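Per our numbering, residue 1270 is the first one in the sequence shown, and the count goes up by one each step.
Read through the structure below, which is laid out as structure tokens, and then see the notes.
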Amino acid sequence: MAASHSPSRPAPQLQPELPPDVPPFPSSDAGIDADDLDSVYGQLVKGVGHEFVTDANVDELARRAEQDGHPILATELREWKASC
1270 MAASHSPSRP
1280 APQLQPELPP
1290 DVPPFPSSDA
1300 GIDADDLDSV
1310 YGQLVKGVGH
1320 EFVTDANVDE
1330 LARRAEQDGH
1340 PILATELREW
1350 KASC
């Protein structure tokens, strides 16, 4: 007899098991001002906030990353802008 699945029971959410000395995954700060270039850039430097990059701010963010010595971030921003 085949096992039956209950449609009313939600599937468990899988969470990664990290060693205790590993910091949590970064996430965007709550309440960031998407119109404030400094706020957006600060998030990008932390490795988050990519959802705040727009056609209007991508060039300035890429220039700033290059000037501040973040060549990988600058390249990622230029690639974001490139049409594929």
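Virtual Cβ for every residue (Gly too), placed ideally from N, Cα, C.
Keep in mind that this is a model prediction, so the values were computed, not measured.
Where do the N-terminal and C-terminal ends of the alpha helix (DSSP H) with residue i fall, by residue?
{"i": "A1343", "result": "P1340 to K1350"}
{"i": "V1327", "result": "V1327 to Q1336"}
{"i": "V1309", "result": "L1306 to K1315"}
Any idea if residue i is buried or exposed, counting beta-carbon neighbours within 10 angstroms, 16 or more meaning buried?
{"i": "A1331", "result": "buried"}
{"i": "G1316", "result": "exposed"}
{"i": "G1318", "result": "buried"}
{"i": "Q1336", "result": "exposed"}
Whose C-alpha, out of the options, is nearest the C-alpha of residue i?
{"i": "A1325", "options": "D1304, D1298 and I1341", "result": "D1304"}
{"i": "E1320", "options": "D1298, E1286, Q1336 and I1341", "result": "D1298"}
{"i": "V1327", "options": "L1306, D1337, Q1336 and P1340", "result": "L1306"}
{"i": "G1311", "options": "P1288, H1339 and D1290", "result": "H1339"}
Using beta-carbon positions only, say whether residue i and residue j come within less than 9 Å of one another.
{"i": "A1343", "j": "A1351", "result": "no"}
{"i": "V1314", "j": "L1346", "result": "no"}
{"i": "S1296", "j": "D1302", "result": "no"}
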